[in-house]
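Q: Here our numbering is used: the first residue of the sequence shown is 79, the next is one more, and so on.
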Amino acid sequence: MEKIRTRYAPSPTGRMHVGNLRSALYEFLVAKHAGGDFILRIEDTDQERFVEGAVEIINDTLKLTGLTYDEGPDKDKGFGPYVQSERQKTGIYLKYAKELIDKKEAYYCFCTKERLDSLKTEIVEGKEITVYDKHCLSLSQEEIDANLAAGIPYVIRQNNPTEGTTTFHDELYGDITVENAELDDMILIKSDGFPTYNFANVVDDHTMNITHVVRGNEYLSSSPKYNRLYDAFGWKIPTYIHLPLITNEEHKKLSKRSGHASFEDLLEQGFLPEAVVNFIALLGWSPEDNKEIFTLDELIRDFDYRRVSKSPAVFDIVKLKWMNSEYIKAMDDDRFLEMAMPYVDAVIKKSLDKKKIAMLTKTRIEVFPDIEGHIDFFEAVPEYDVHMYEHKKMKTDIASSLTVLRDVVPVLEGVEDFTNDTLFATLSDYASSKEYKTGFVMWPIRTALSGKQMTPAGATEILEILGKEESLIRLQEAIKLLEANL
Ligand code: GLU
């Protein structure tokens with residue numbers, strides 16, 4: 079059996095869109111599941127769209143996500159170069175384009191911009207496109223030679239038939255047949271001598287022995303033209319797997335405006351690379367069971383592209399947040415602390431046990447930036463509404479809270495060992511001596527210490543972390559507030 083070879087072929091045009099990362103991941107999984115090779119090829123022939131730094135983004139993303147390639151720009155296994163602008167210098171694309179001209183499957187076109195602008199346009203899939211009228215196909219060899227000798231700028235176009243149909247096969251979409259009349263004579267070599275993406279992609283997939291092409295379904299409509307190229311050369315057509323669209327919650331194409339359309343956006347929002355990979359794996363693919371948390375190795379083991387769906391995949395940020403929180407919970411404490419500390423340091427300036435504070439949030443946050451909102455009260459009690467002391471279930475109100483706080487201040491002053499266990503035992507004793515429920519005592523204390531309805535720790539844990547002195551200051555402040563509102 080032939081060895082499966084897939085490639086990730088990004089164009090370095092900016093941030094790594096979630097759709098591109100999914101293509102990379104699925105390419106990787108298709109190869110690795112079958113023990114094949116995963117190749118990185120940089121498609122930078124569109125010099126106008128090239129963005130400085132975008133290649134670094136691609137490299138960093140593949141590293142962070144663990145999508146290690148077997149071959150690529152810095153790992154030549156005999157199919158290089160792996161960057162199209164470097165391949166172009168070898169003359170490979172022009173050579174193949176000329177071969178097509180000899181076979182009458184392509185032709186020189188010397189049309190000026192003015193002439194092309196005057197051609198009628200058609201709306202195809204919402205985009206205005208100009209269908210070339212094959213004007214230059216009728217040039218004689220003498221005219222072509224004269225134009226070339228005179229240095230008139232030219233492009234090379236594919237020569238598609240105007241009659242009949244072309245059928246191609248996609249693993250997910252099945253057989254798709256299109257009218258040849260709809261296939262425009264796309265440009266293969268541009269006037270700057272660079273190949274178009276469309277042409278270079280086909281030449282490279284063939285010359286790099288790529289067996290499976292996995293990519294977004296926006297390429298579905300171009301695939302018949304690619305197949306005509308393969309056929310014209312007499313090359314074997316790769317297996318196509320076109321992936322469904324990714325939409326936002328409003329079922330519109332996931333775009334920059336969604337705010338989380340790229341891998342970098344997601345990292346900036348505090349998502350973990352491994353959670354993002356796991357989440358993206360499920361944007362279109364689902365396993366046989368309902369398993370949702372996957373390591374990359376488990377994905378390699380379980381991924382079967384036949385189970386990729388054709389219907390659009392919805393980018394559900396709530397699900398991603400849930401998944402991220404699962405990864406955070408499962409993290410070992412050292413790594414968690416390493417990642418959490420910058421967020422704790424940004425908020426806590428007092429000399430408190432920051433590790434302990436950080437650990438309180440481990441099971442409560444969805445993303446690391448959430449930490450701040452959970453722990454800010456340790457630094458200072460925010461302004462809060464005195465009605466927070468009124469709690470139906472705890473049966474507390476302003477008067478009862480005042481009584482409790484006035485009582486517990488001297489009790490706490492007498493506690494030598496200001497630790498959670500001792501504090502809990504002491505306050506429980508106080509509660510039972512008064513025949514109060516524990517919550518009736520703890521609620522006002524926690525409110526006084528934190529000014530918050532929800533805290534990542536109970537009253538006695540907070541007391542321990544704040545220490546005796548700070549705790550008593552906060553309780554006295556609360557007593558003043560309650561007295562003023564009685
Ligand atoms: N360079 C193309 C892109 O970045 C590759 C598409 C393909 O995988 O064929 O979208």
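Idealized CB from N, CA, C, for every residue including glycine.
1) Is it the case that the CB of residue 163 approaches a heavy atom of the ligand GLU more closely than 8 Å?
2) Which ranges would you report for the alpha helix (DSSP H) in the stretch 259-287 if only whole runs of at least 4 residues count?
3) Return yes when at least one heavy atom of the ligand GLU lies under 8 Å from the C-beta of residue 292, else no.
4) When you compare the stretch 213-228 with the stretch 181-198, are there three or more beta-carbon pairs, one atom per stretch, that lie closer than 8 Å?
5) Given the structure, does residue 249 come close to the ligand GLU, in the sense that its CB is under 8 Å from one of the ligand's heavy atoms?
6) Classify residue 542: buried if its beta carbon has 16 or more other beta carbons within 10 angstroms, exposed otherwise.
7) Evaluate residue 119 with the Cβ neighbour count: other Cβ atoms within 10 Å of its Cβ, from every protein chain shown; 16 or more gives buried, anything less gives exposed.
8) Between 300, 337, 216, 291, which has its C-alpha nearest residue 255's C-alpha?
9) Which term fits residue 477, buried or exposed, when burial requires 16 or more other beta carbons within 10 angstroms of its beta carbon?
10) Reducing DSSP to helix, strand and coil, say where residue 372 ends up.
11) Just the Cα atoms here: how many angstroms apart are residue 81 and residue 115?
12) Looking at residue 88 and the ligand GLU, is the gap between the Cβ and the nearest heavy atom below 8 Å?
13) Straight-line CA distance for residue 236 to residue 274?
14) By the three-class DSSP mapping on this structure, what secondary structure does residue 161 have?
15) May I ask which residues mark the beginning and end of the alpha helix (DSSP H) holding residue 524?
16) Mind reading off the beta-carbon distance from residue 386 to residue 363? Whole number of angstroms is fine, and I expect it under 8 Å.
17) Do the stretch 240-247 and the stretch 257-269 make contact, defined as three or more Cβ pairs closer than 8 Å?
18) Do residue 71 and residue 340 have their C-beta atoms closer together than 9 Å?
19) Report the rounded CA-to-CA distance for residue 429 versus residue 422, giving the unit in angstroms.
20) So, at 6 Å on beta carbons, what are the nonlocal neighbours of residue 336 in its own chain, with the 5 sequence-adjacent residues on each side left out?
21) Using the beta-carbon count (16 or more within 10 Å), is residue 230 buried or exposed?
22) Tell me residue 317's beta-bridge partners as DSSP assigns them.
23) Compute the Euclidean distance between the alpha carbons of residue 250 and residue 101, then round it to the nearest angstrom.
24) Between 343, 319, 321, which has its C-alpha nearest residue 94's C-alpha?
25) For residue 248, I'd like the list of residues in its chain whose CB is within less than 6 Å of its CB, leaving aside the five on either flank, ordered along the chain.
26) Just the Cα atoms here: how many angstroms apart are residue 198 and residue 209?
27) Compare the Cα-Cα distances from residue 438 to each of 414, 427, 424, 460 and report the closest residue.
28) Measuring only from the beta carbon, is residue 126 closer than 8 Å to any heavy atom that is part of the ligand GLU?
29) Assuming the contact rule is C-beta atoms closer than 8 Å, residue 546 and residue 496 should be a hit. Round their C-beta distance to whole Å, please.
30) Determine the DSSP secondary structure at residue 331, reduced to helix, strand or coil.
31) Applying the criterion that 16 or more other CB atoms from any shown protein chain within 10 Å of the CB defines a buried residue, is residue 110 buried or exposed?
32) Less than 8 Å separating the Cβ of residue 185 from some heavy atom of the ligand GLU?
33) Report the partner residues of residue 99 according to the DSSP bridge assignment.
34) For residue 244, which option in 122, 305, 367 has the closest C-alpha, if you only look at C-alpha atoms?
35) Have a look at 135, 517, 374 and flag the residue whose alpha-carbon is nearest the alpha-carbon of residue 473.
36) Is there at least one non-hydrogen atom of the ligand ADP closer than 8 Å to the beta-carbon of residue 327?
A: Result, derived from the coordinates:
1) Result no, Cβ not under 8 Å from the ligand GLU.
2) DSSP runs (the alpha helix (DSSP H)) wholly in the stretch 259-287: 275-285.
3) Checking the 8 Å criterion, the Cβ of residue 292 is within range of a heavy atom belonging to the ligand GLU.
4) Contact annotation: the stretch 213-228 touches the stretch 181-198, with at least three C-beta pairs closer than 8 Å.
5) Every heavy atom of the ligand GLU is 8 Å or more from the Cβ of residue 249, so no.
6) Buried, because 16 or more other Cβ atoms sit within 10 Å of the Cβ of residue 542.
7) With 16 or more other Cβ atoms within 10 Å, it is buried.
8) Closest option to residue 255, Cα to Cα, is 300.
9) Within 10 angstroms of the beta-carbon of residue 477 lie fewer than 16 other beta-carbons, which makes it exposed.
10) Assigned with DSSP and collapsed to three states, residue 372 falls in coil, not helix or strand.
11) The straight-line gap from Cα to Cα measures roughly 8 Å.
12) Yes, Cβ of residue 88 sits closer than 8 Å to a heavy atom of the ligand GLU.
13) One alpha carbon belongs to residue 236, the other to residue 274, and they sit about 11 Å apart.
14) Residue 161: strand per DSSP, three-state reduction.
15) Where residue 524 is concerned, the enclosing alpha helix (DSSP H) stretches over 516-528.
16) Between residue 386 and residue 363, the beta carbon gap of about 5 Å places them in contact (Cβ cut-off 8 Å).
17) Contact holds: three or more Cβ-Cβ distances are below 8 Å.
18) In the structure displayed, the chain extends from 79 to 564; residue 71 sits before or after that span and is not available.
19) Residue 429 and residue 422: Cα-Cα distance of roughly 12 Å.
20) Sequence-distant Cβ neighbours of residue 336 in its own chain, meaning closer than 6 Å and more than five residues away, are 326.
21) With fewer than 16 other Cβ atoms within 10 Å, it is exposed.
22) For residue 317, which the question treats as bridged, DSSP gives the partners 290.
23) When only Cα atoms are considered, residue 250 and residue 101 end up about 15 Å apart.
24) Taking only the C-alpha atoms, the option nearest residue 94 is 343.
25) The answer, listed in chain order, is 318, 320.
26) Whole-angstrom Cα-Cα distance: 7 Å.
27) That would be 414, whose Cα lies nearest to the Cα of residue 438.
28) No, since every heavy atom of the ligand GLU falls outside the 8 Å radius drawn around the Cβ of residue 126.
29) For a cut-off of 8 Å, the C-beta gap from residue 546 to residue 496 is around 5 Å, short enough to register as a contact.
30) Three-state result, residue 331: strand.
31) Burial of residue 110 is indicated by the presence of at least 16 other C-beta atoms within 10 angstroms of its C-beta.
32) Result no, Cβ not under 8 Å from the ligand GLU.
33) In the DSSP output, where bridge partners are listed per residue, residue 99 has none listed.
34) Closest by alpha carbon: 305.
35) Taking only the C-alpha atoms, the option nearest residue 473 is 517.
36) Annotation note on the ligand ADP: not contained in the displayed structure, which lists the ligand GLU as its ligands.
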